[in-house]
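These notes concern the structure reproduced below.
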Amino acid sequence: MPEQNTETIANLFVEEFICRFGLPQQLHTDQGGQFQSKLFSELCSRMHIDKTKTTAFHPQSDGLVERFNRTIEDILSKYIIQNQRDWDDHLQLALLAYRSSVHESTGQTPNMMMMGREVQLPVDLIYGPPPKAEQETDDNPENEHIKHLLTRMWKIHDKARNHMMGASNRQKRYYDHKIQSRQYKIGDIVWLHTKTRKKGRSPKLQTNWEGPYHVIGVLSDLVYKIQNNPKAVPKIVHHDRLKPFYGGNRMVDRNL
């Protein structure tokens with residue numbers, strides 16, 4: 001982060017954590033002034049987050065974070081032997097290595113514990129993914145957590161696939177109905193949708209329909225040949241770029 005003032009930390013907490021993972025029930029911090037400020041306390045209070053803190057001069061109260069920081073520092077030290085000022089440029093790669101490494105205490109990687117799967121690493125593109133380990137049969141909490149996570153994710157993904165299939169079918173029915181209700185024939189007059197930017201006009205404010213055009217050929221239910229005057233070069237366009245023109249047989253450009 002560019003600076004460790006209260007406002008910056010509060011914004012990062014909301015944008016980088018809450019927006020990704022939702023509201024935590026409890027937040028445990030050290031006694032840094034940024035975390036004990038009125039602004040940060042009010043933020044936690046309004047979001048009903050139980051704010052706790054470590055005891056003074058007793059880092060063991062924050063043991064997991066302290067151990068994590070030492071591990072990341074050790075990884076970074078391997079990258080920044082020559083130049084110790086660019087450590088932040090290597091931070092994300094160090095975190096990738098940490099999340100992809102099996103932890104002795106859990107027997108799993110953080111990726112597996114959090115997402116229920118391993119991420120593909122650059123080394124996997126060279127040597128291929130590692131062989132799958134045999135399923136553990138013991139009843140330790142970590143393995144039970146993985147089994148529960150995988151089962152839950154499978155159910156959620158299956159439900160999402162069914163919803164997506166239903167949505168796709170609804171969209172297809174709507175699109176087919178739209179096509180059938182707007183069939184054009186030779187002689188019909190239509191507007192043509194275009195994204196051509198008019199010189200001197202704001203692209204966000206200009207009207208993107210030009211014409212009208214005459215339909216002079218029907219190549220299929222979706223493709224038409226149109227022309228805005230007898231001397232102009234005909235255009236072959238998709239059905240989605242057309243809409244009916246109402247108002248008489250006049251050749252005008254709505255962008256003029």
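Counting with UniProt numbering, you get residues 1 to 256 for the letters of the sequence shown. Every residue gets a Cβ at the ideal spot worked out from N, C-alpha and C, and that includes glycine.
Cβ separation of residue i and residue j, assumed to be a contact under 8 Å, to the nearest whole Å
i, j, result
"residue 224", "residue 233", "Rounded, the Cβ-Cβ distance is 15 Å, inconsistent with contact."
"residue 241", "residue 193", "4 Å"
"residue 183", "residue 158", "Wrong, their Cβ atoms sit about 39 Å apart, outside the cutoff."
"residue 195", "residue 208", "6 Å"
Host alpha helix (DSSP H) of residue i (start-end)
i, result
"residue 110", "110 to 115"
"residue 42", "38 to 46"
"residue 122", "122 to 127"
"residue 184", "Neither: residue 184 is in no alpha helix (DSSP H) and is coded neither H nor E."
"residue 65", "63 to 77"
"residue 8", "6 to 12"
"residue 98", "91 to 99"
Nearest candidate by alpha-carbon position, reference residue i, set the options
i, options, result
"residue 37", "6, 63 and 49", "6"
"residue 217", "209, 239 and 168", "239"
"residue 228", "214, 188 and 156", "214"
"residue 148", "164, 16 and 116", "116"
"residue 71", "155, 90 and 94", "94"
"residue 63", "28, 164, 166 and 177", "28"
"residue 185", "243, 40, 79 and 75", "243"
"residue 226", "201, 187, 206 and 205", "187"
"residue 212", "246, 151, 114 and 127", "246"
"residue 123", "100, 104, 176 and 210", "100"
Cβ-Cβ distance between residue i and residue j below 8 Å
i, j, result
"residue 54", "residue 30", "yes"
"residue 337", "residue 50", "A query on residue 337 cannot be resolved here, the shown segment of the chain reaching from 1 to 256 and no further."
"residue 118", "residue 109", "yes"
"residue 90", "residue 79", "yes"
"residue 114", "residue 145", "no"
Endpoints, the beta strand (DSSP E) within which residue i is located
i, result
"residue 210", "209 to 218"
"residue 205", "Where residue 205 is concerned, there is no enclosing beta strand (DSSP E), given that its DSSP letter is neither H nor E."
"residue 18", "That residue, residue 18, is in no beta strand (DSSP E); it is neither H nor E in DSSP."
"residue 224", "223 to 227"
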